[in-house]
Amino acid sequence: MTEDIIAALKENVIQGRMTQDDEGIDESLTGPGVLELTQAALDNNIPADEIITNGITAGMEIVGERFNAKEYFIPDMLASAEAVSAAMDILKPHLEASNIETKGTFAIVTVRGDIHDIGKNIVAILLKGSGYEVTDLGIDVPTEKIVEYVRENNPDYLGLSALLTTTMLAMGDIIEALKAAGLRNKVKVLVGGAAVSGEYAREIGADAYCVDGFDAVRVLNTFQETKS
Amino acid sequence: MPREGILIDNPYERMTGEQIERVHRASMEILVDPGLTCFNQKAADIFAAAGADVTSVESDDHPTWLIKIPEKLVLDALESVPKTVKLGARNPANALVMHGEEPRVYFISGSETNIWLDVDFQTYTRKSDPGIEIQVPEFIPRRGTVADLCKSAHVCEHLETLDGYIRTVNIQDKDITEDNKDVNKFFASLNNTTKHVMAGLTSLNQLDNVVNMAKLIAGGEEQLKENPIISFITCLVKSPLQFVNDTTETFIEICKRGLPIVVSSSPQAGSTAPIKEAGIIAQINAEVLAGITLGQLVNRGTPVIYGSVPVRARMDTLADSYGAVETSQYNIDCVQMARFYKIPNYSTSGVCDSKTPGQQTSIERLFSDILVTLSGPQFLHCAYGLLDCNSVFSLLQAVLDDAHFQMIKFFLRKPRIDEVEITDTLKQIRAVVQTPQKLYIKYIRKVMRTGELSPSYPFEGDGETDNVFALAYEKMNELLTKPVEHIDQATTSRIFNEIPGLLPRLNRKSERIPRSLLRGTSMYMKKGNIND
Ligand code: B12
């Protein structure tokens, strides 16, 4: 029974079926999706870490392999990542109860004056799917509000997105404002978006520039490694 | 007399009349249910005053409204919207006159890329035969500058097929700020081309400075109305179905001033619009109609252009894919929708996915350029020189594109099959069959000299080697040495006295400053982690 649930969970992660109503790639796959199966696993007293390791992470690994082999594309990846992040939401209280740490908290935002958000949303979904607790602060968000959020919520990482060369400058302002508020060394700042470059990130003193969501996952993993 | 463009006799149509009608009906339904989310107070008030169903929506951060636009408002707007839009030019012979019902195509550049691609040629020697050398282009990306924008306007002035100029490159010099960018980009463009100039506005507080500058150049307020030498483009609707706060504000202010404006929407099939054709077309059409309706409510009769930039998503990154075949299908559908409403249309072709000039670039561009041209959009943003999905501009590529459009224009000449031609040909045939060689060669000679034969490809090399880039580069430099008619000195002085924010180095009379200062920050596009 336990094995069946975990195997089905893994398969549904691979197929990117969040709920029983979703279509996977293989049309013959019906029945409960990732959400229902995660709930069923908890109801059957399967420990949260086992659900994650053998069901979710094992499934995501295969998704990653298929993506690298160009069998899967971004829409497939995002469907799986979204299903996983929904599962993580129900697993969260159980992880806390059993003292298992999440990978960290990540606040992401499109800076003041900028309304582009496709890239930001993709990054948010991928990070959530990789086990980070992600808060999306929205678009066109004033610097003061971002600083306020960091002060009150203390996220481990702050992700800034800007697509315009004019709004990109707000990233520098945000870093300066974090310094002025004495918060700069409490949060790692990642920047991204078409206007931004590694050179600019260095200039403004960001901790990392990421080309895309996968790069962000890689960068965060290296941060995790250096932390531990 | 305006520019001639190219009149398409039997425009290519994808959708049948019935399908157009279906899209129209679906768009009308979308405008009521779900309607549009609006983040701009003025737009919400204007729609409410006009009788739309406007409700305020609870939101933590941005004031938000839901607007349901009844069909009657849209039909009223379609009634008052001008069916002919004139885009003027410093040289009146370069004006563009666009009738919504007439498939006359104008070819236009575009559109504010961050990266400018320089080219340098390296010489390579063949290993097996050191006597053979070839020139291989090396493309070097860097951030665009005001000097680049001037240079590109200068070359575009001399590209024969190019009918109008959308600023090509985003100016990112150290002394360009949000507050002086608009005046400088418009001045740099206007001063280096006598063709029509269109751009987006970075900062609303610069609008009047830009308009006043245009008045000075056109010769006064009335003259600017008569001959609108500048126009604007705004993406006021963000897909799906959201009026953005700042661009909507800008749009409203431009409409009040009565200058021509493109109501542009750029949904991406797969991410911000349905992946299927019916879905993205019904949505973009609703989005553009919502913008047009707002424009007519602000200022009845103000000239607007139906701006459609639908694209398909790339499956590996979800970035825009202009090279995707569907992107051309969507653009053609939109051309048909605009013609159905008799409103001049702005569509896109030519932008490609590939990152540098080369084979993929040529294939992607020619494919969409030919097809979308055949559908007859009035204003074809065929994006001379644009690469990498709108991110990179190459002046060399713009010169290559001009050659493509020469071919397309030639192809679209009307067939000459009339009484005179037939009589003449019968005479020829009867004469030639009497001769021992049975060849028509002597009849070519006259035709060769009347311009009736298409010229050979201008960048064809000798022998085996492909010299396309080197020859196009030569041509580009040749065009740069050809003079352009700048704005006259008296007007330039008035502009520099009266319009704040202009960079002194753009005043041709002012002292020359060292070249090094004209350079922007160099930026090699090595992507990666800064911690590398
Ligand atoms: C789609 C688009 C729009 C859509 C936005 C829809 C949306 N929901 O976001 C619409 C049509 C609304 C739009 C509007 C405008 N746009 Co626009 N837009 C684009 C376009 C074509 C693609 C952007 C995109 O979504 N890419 C796909 C995603 C997947 O990629 P991405 O955003 O780069 O994100 C990836 C990475 O960069 C990275 N990343 C991004 N952010 C972050 C953050 C973190 C923390 C990390 C780790 C990683 C990361 O990961 C992402 C996933 O892989 C670009 C051109 C381009 N090539 O970028 C122009 C572009 C950015 N826009 C441009 C312009 C000028 C505008 C307008 C001002 C136009 C106008 N005149 O009205 C307005 C902006 C208004 C405003 N105040 O912001 C210019 C900017 C030039 C400049 N000045 O810098 C561009 C470059 C196009 C051009 N050449 O003209 N735009």
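If you read the protein sequences in the order shown, they are chains S and D. Here my numbering is used: the first residue of the first sequence is 2, the next is one more, and so on. Here my numbering is used: the first residue of the second sequence is 612, the next is one more, and so on. For every residue, glycine included, the Cβ atom is placed at its ideal position computed from N, Cα and C.
Rounded to the nearest whole angstrom, the C-alpha separation of Pro968/D and Ala1009/D is 10 Å. When C-beta atoms of the region 936–953 of chain D are compared with those of the region 910–923 of chain D, three or more pairs fall below 8 Å, so the two segments count as touching. Excluding sequence positions up to five before and after Ile840/D, its CB lies within less than 8 Å of the CB of Gly699, Ala700, Arg701, Leu801, His807, Val808, Ala825, Ile828 and Ala829, all in the same chain and listed in chain order.
Nearest in C-alpha terms to Lys187/S, of all of Ala207/S, Tyr201/S, Ala202/S and Glu200/S, is Ala207/S. The C-beta distance from Leu760/D to Cys767/D rounds to 10 Å, too long to meet the 8 Å contact threshold. For Arg778/D and Asn956/D, the gap between their C-alpha atoms comes out near 19 Å.
Between Gly881/D and chain S, the shortest Cβ-Cβ separation is below 8 Å.
Boundaries of the alpha helix (DSSP H) harbouring Tyr952/D: Val936 to Tyr952, taken from the DSSP string. DSSP, read as helix, strand or coil, puts Arg1119/D in coil. Contact note: Glu789/D reaches chain S through Thr167, using a C-beta cutoff of 7 Å and chain order. When the alpha-carbon of Arg152/S is set against those of Leu165/S, Ser162/S, Ile175/S and Thr167/S, the nearest one is in Ile175/S. Here the alpha carbon of Thr928/D sits roughly 22 Å from the alpha carbon of Ile892/D. Taking 8 Å as the upper bound for CB-CB distance, Lys93/S and Ile109/S are not in contact here, some 18 Å apart. In this chain, the alpha helix (DSSP H) harbouring Asn13/S covers Thr3 to Gln16. For the ligand B12, no non-hydrogen atom lies closer than 7 Å to the CB of Gln894/D.
Nearest to Gly65/S by alpha-carbon distance, out of Thr39/S, Thr20/S, Gln16/S and Ser29/S, is Gln16/S. Per the coordinates, the alpha-carbon of Thr938/D lies some 42 Å from the alpha-carbon of Ala178/S.
Close to chain D, meaning a Cβ-Cβ distance shorter than 7 Å, are the following residues of the region 154–187 of chain S: Thr166 and Thr167.
With a contact defined as Cβ atoms closer than 8 Å, Lys953/D and Glu712/D qualify at about 5 Å. Among the residues facing chain S, Asp672/D is included, as its CB has a counterpart in that chain under 8 Å away. When Cβ-Cβ separations below 8 Å define contact, Ala196/S makes contact with chain D. Beta-bridge pairing by DSSP links Thr675/D to Val668/D.
Listed in chain order, the non-local C-beta contacts of Gln652/D below 7 Å within the same chain comprise Pro674, local neighbours out to five positions each way being set aside. Chain-ordered, the chain S residues with CB closer than 7 Å to the CB of Val855/D read Ile116. Looking at Gln989/D, Glu749/D, Val692/D and Asn856/D, the one whose alpha-carbon comes closest to that of Pro622/D is Gln989/D.
Contact between Gln940/D and Arg636/D fails: their C-beta atoms lie close to 20 Å from each other, not under 8 Å.
Along the length of the region 864–925 of chain D, whole alpha helix (DSSP H) runs at least 4 residues long occupy 888–909, reported in chain order. Taking 8 Å as the upper bound for CB-CB distance, Ser958/D and Val983/D are in contact here, some 6 Å apart.
In this structure, Tyr1068/D lies near Ala1014/D, with their beta-carbon atoms less than 8 Å apart.
Residue contact with chain S for Leu929/D: present (Cβ-Cβ distance below 8 Å to some residue of chain S).
Within the region 67–85 of chain S, Phe74, Ile75 and Pro76 place their CB atoms closer than 7 Å to a CB of chain D, listed in sequence order. Chain order gives the chain S residues near Gln783/D as Thr166, where near means a beta carbon separation below 7 Å. Per DSSP, the unbroken alpha helix (DSSP H) holding Cys767/D starts and ends at Val757 to His769. Cβ contact annotation for Val855/D (same chain, cutoff 8 Å, sequence separation greater than five): Phe650, Asn651, Cys846, Leu847, Val848 and Lys849, in chain order. Between Gly1072/D and the set Thr1061/D, Ser1065/D and Glu1085/D, the nearest pair of CA atoms involves Glu1085/D.
In the DSSP assignment, Ser86/S falls within the alpha helix (DSSP H) that extends over Ile75 to Ala98.
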